[in-house]
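Read the structure below first, then the notes.
Number of protein chains: 2
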Amino acid sequence: MTLTDLRYLVALARERHFGHAAERCNVSQPTLSVAIKKLEDELAVTLFERSAADVKITDIGARIVAQAEKVLLEAGQIKELATAGRDPLSGPLKLGVIYTIGPYLLPHLIPRVHGAAPSMPLLIQENYTARLAESLKRGDLDVIVVALPFEEPGIVTQAVYDEPFRVLMPAGHAWEEDAAIPAARLAEAPLLLLGAGNCFRDQVLEVCPLCRGGEGLQRTLEGSSLETIRHMVATGAGITVLPSSAADPLPEGNPLLTVRPFEAPEPFRRIALAWRVTYPRSGAIDVIRAAILGSPLQGVRPVTR
Amino acid sequence: MTLTDLRYLVALARERHFGHAAERCNVSQPTLSVAIKKLEDELAVTLFERSAADVKITDIGARIVAQAEKVLLEAGQIKELATAGRDPLSGPLKLGVIYTIGPYLLPHLIPRVHGAAPSMPLLIQENYTARLAESLKRGDLDVIVVALPFEEPGIVTQAVYDEPFRVLMPAGHAWEEDAAIPAARLAEAPLLLLGAGNCFRDQVLEVCPLCRGGEGLQRTLEGSSLETIRHMVATGAGITVLPSSAADPLPEGNPLLTVRPFEAPEPFRRIALAWRVTYPRSGAIDVIRAAILGSPLQGVRPVTR
DNA sequence: GATTGGCAATAGAGATTAACTATACAACGT
DNA sequence: ACGTTGTATAGTTAATCTCTATTGCCAATC
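Going down the list, the sequences are from chains A and B.
Numbering-wise (the working numbering), the first sequence opens with residue 10 and increments by one.
Numbering-wise (the working numbering), the second sequence opens with residue 10 and increments by one.
Rendered as structure tokens:
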């Protein structure tokens with residue numbers, strides 16, 4: 010029993026004439042004849058009464074035809090689903106973002122994606138890189154926004170932008186005098202750091218080798234966020250390092266904080282998109298990339314690939 | 010897209026492993042592999058993300074698999090319907106009976122059929138032979154009970170029983186003296202006849218050639234029935250001829266009527282079943298025949314074929 | 001960094017099935 | 001009896017499905 014057989018069946022039920030039904034199916038009369046006979050044999054049921062005068066459907070035949078029509082209808086739905094799903098910009102996209110990007114990127118990203126792909130709702134999750142990677146590989150996420158380096162088997166990454174680091178200090182801090190801060194000087198101040206697991210923490214520590222072994226004055230704030238740290242800096246609890254997108258928009262509205270760039274070579278992080286090599290909706294990824302690049306993130310430099 | 014393809018599809022969706030899914034479908038891994046690829050090409054949609062680690066279903070893939078399961082379920086229903094409909098004794102049987110048999114046969118027939126084939130309800134229609142034949146050929150009826158001769162293209166008949174005719178007269182009638190009535194004498198009495206269209210009317214006229222041209226005292230009662238005529242005979246309006254099944258049960262309970270057989274050669278009618286040559290439920294016909302022969306119809310002689 | 005092992009894709013051969021054309025067969029109607 | 005109409009069958013060709021064998025691809029391991 011094939012779908013073709015069922016199509017022949019309902020055609021014959023409608024036409025009540027083997028020749029006409031065959032014509033309607035674009036096959037020869039013997040083809041349809043054989044197919045119906047095969048079906049009847051397979052089901053061990055007489056579906057039609059053939060006579061010279063005409064073709065009559067049996068009682069059981071009528072019931073089976075009705076069911077066959079249902080099958081064909083449902084099968085047709087498959088094609089419709091496929092057509093509807095063919096557009097990579099239709100259907101939800103599961104997006105993961107690390108904690109130190111989400112709050113600054115998403116407010117810009119979401120409306121832009123919605124504008125470019127209205128029928129692609131975003132299901133967003135913020136988490137650590139490691140967790141995002143896990144979810145991505147498991148298929149719980151489709152695309153993630155992370156900082157490089159990010160190497161995972163089966164995962165491809167595409168750099169999107171570079172983002173310089175900034176030093177954030179309370180207004181009136183001594184370093185306010187300087188237009189730019191040397192990285193090494195970080196070890197001299199009480200540096201507030203994110204908890205373990207945040208890649209940004211590691212990157213900051215990388216900037217300041219002296220802070221590495223915990224020999225500096227830095228203080229780790231487990232379970233915290235850049236926003237929390239920012240508030241703590243404003244209260245004079247110390248200084249911190251922020252990515253430019255988090256730091257640069259601040260000073261205007263906040264008289265308690267001062268932002269200074271690093272001295273060259275300016276430390277920065279490279280933000281990238283990552284997805285499974287096998288992920289088929291590349292069009293959706295392009296939209297995300299474009300939306301990110303279209304977002305007014307302060308201080309960032311697009312990476313032309 | 011075939012039902013087999015869909016089976017492969019749902020198997021792969023369940024197993025998430027080409028080899029295992031193929032095994033479950035009793036085919037080789039390449040078979041399933043190409044089938045899925047073919048499906049993906051046909052639908053122009055990626056259903057699965059293949060990677061070394063494992064097979065992930067895409068979003069659209071999952072929706073299509075769900076739909077495929079629905080299709081397979083509905084298709085399975087076809088087999089179930091066929092199995093259920095395989096029994097010729099299941100499902101309603103559309104039975105037609107001529108007016109002059111129905112009232113005497115059906116009260117016996119119905120319980121017997123119900124006993125022999127409980128899941129075969131009878132849809133009964135009483136009518137003239139010509140109307141029954143029409144309905145039978147059109148497929149509105151499956152089997153009819155008629156009097157022979159009955160010749161129709163595409164219709165087969167099977168004699169069931171012979172039924173002698175009887176003369177019915179009011180009690181106290183002059184002919185009461187005689188044990189049997191010669192057919193020719195019918196022309197001498199006011200003979201009450203059914204209306205045109207009733208085959209029994211023609212058969213009675215056949216018995217009495219003198220009545221033929223309307224030269225006798227007979228009176229035609231259009232739109233009447235044997236029961237009506239019987240009541241008229243009881244009131245002394247005339248005599249009539251009845252089939253034995255209608256006549257013989259009468260006298261016991263009715264002091265106003267007298268029944269006499271004909272003289273030899275006793276006129277009779279041959280009752281038969283008729284159905285389309287193509288009608289597939291021969292088992293149902295056998296049940297009807299057996300139920301008729303099992304009915305206590307007075308005076309009838311089974312026809313051994 | 002080379003190697004191995006697991007797994008899906010591909011190639012090529014063989015078998016099955018589906019389609020065609022031509023023709024036989026059955027049943028009515030003239 | 002013959003012709004017409006309509007379905008079934010025969011035989012052939014083409015398409016397809018499925019197989020085994022093999023390749024290719026990753027990723028994990030030594």
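C-beta: ideal position from N, C-alpha, C; glycine also.
Here the structure is a predicted model, which means the values were calculated and not measured.
Figure out for me which residue from the options has the closest Cα to the Cα of residue i.
i                      : options                    : result
residue 92 of chain B  : A:76, A:149, A:96, A:54    : A:54
residue 10 of chain A  : A:41, A:214, A:52, A:25    : A:52
residue 140 of chain A : A:207, A:198, A:301        : A:207
residue 83 of chain A  : A:217, A:200, A:302, A:12  : A:12
residue 164 of chain A : B:59, B:283, B:295, B:45   : B:59
residue 177 of chain A : A:198, A:160, A:162        : A:198
residue 69 of chain A  : B:57, B:180, B:99          : B:99
residue 168 of chain A : A:35, A:174, A:282         : A:282
residue 162 of chain A : A:296, A:90, A:284         : A:284
residue 216 of chain B : B:252, B:308, B:67         : B:252
residue 265 of chain B : B:86, B:277, B:248, B:56   : B:248
residue 359 of chain B : B:104, B:26, B:185, B:232  : There is simply no residue 359 of chain B to check, as chain B begins at 10 and stops at 314 in what is shown.
residue 137 of chain B : B:26, B:154, B:179, B:18   : B:154
residue 76 of chain B  : A:80, A:200, A:157         : A:80
residue 102 of chain B : B:288, B:305, B:313, B:304 : B:288
residue 109 of chain B : B:312, B:286, B:205, B:24  : B:205
residue 239 of chain A : A:214, A:276, A:149, A:201 : A:201
residue 156 of chain A : A:74, A:212, A:35, A:87    : A:212
Buried or exposed for residue i, please, with buried defined as at least 16 other CB atoms from any protein chain shown within 10 angstroms of its CB.
i                      : result
residue 292 of chain B : exposed
residue 49 of chain B  : buried
residue 191 of chain A : exposed
residue 187 of chain B : exposed
residue 310 of chain B : exposed
residue 273 of chain B : exposed
residue 132 of chain B : exposed
residue 290 of chain B : buried
residue 172 of chain B : buried
residue 85 of chain B  : exposed
residue 97 of chain B  : buried
residue 332 of chain B : Lying before the first or after the last residue shown, residue 332 of chain B is absent from chain B, which here runs from 10 to 314.
residue 147 of chain A : exposed
residue 189 of chain A : exposed
residue 8 of chain B   : Outside the shown range of chain B (10 to 314) lies residue 8 of chain B, about which nothing can therefore be said.
Can you find a C-beta in chain B that's less than 8 angstroms from the C-beta of residue i?
i                     : result
residue 58 of chain A : yes
residue 79 of chain A : yes
residue 43 of chain A : no
residue 90 of chain A : yes
residue 84 of chain A : yes
residue 55 of chain A : yes
residue 65 of chain A : yes
residue 76 of chain A : yes
residue 52 of chain A : yes
residue 87 of chain A : yes
Give a yes or no on whether 8 angstroms exceeds the smallest Cβ distance from residue i to chain A.
i                      : result
residue 68 of chain B  : yes
residue 10 of chain B  : yes
residue 289 of chain B : yes
residue 296 of chain B : no
residue 73 of chain B  : yes
residue 348 of chain B : The question about residue 348 of chain B has no answer, for chain B in this structure spans 10 to 314.
residue 95 of chain B  : yes
residue 25 of chain B  : no
residue 132 of chain B : no
residue 248 of chain B : no
Point to revise | Members of the region 99-122 of chain A near chain B, C-beta cut-off 8 angstroms | key: Flagged, chain order: 100, 101.
Practice item. Could you name the residues of the region 148-182 of chain B whose beta carbon sits closer than 9 angstroms to any beta carbon of chain A, in the order they occur along the chain? Key: Hits within the stretch, in order: 148, 151, 162, 163.
**Study point:** alpha helix (DSSP H) runs wholly inside the region 59-144 of chain A, at least 4 long, in chain order
**Key:** If only uninterrupted alpha helix (DSSP H) runs of at least 4 residues are considered, those enclosed by the region 59-144 of chain A are 68-94, 111-125.
Check your understanding: What residues from the region 268-289 of chain B come within 8 angstroms of chain A, judged by C-beta to C-beta, listed N to C?
Key -> 285, 286, 287, 288, 289
**Study point:** Minimum length 3: unbroken beta strand (DSSP E) runs contained in the region 183-264 of chain B
**Key:** 201-203, 228-230, 249-252
Point to revise | Contiguous alpha helix (DSSP H) assignments of at least 4 residues, all confined to the region 152-179 of chain B | key: none
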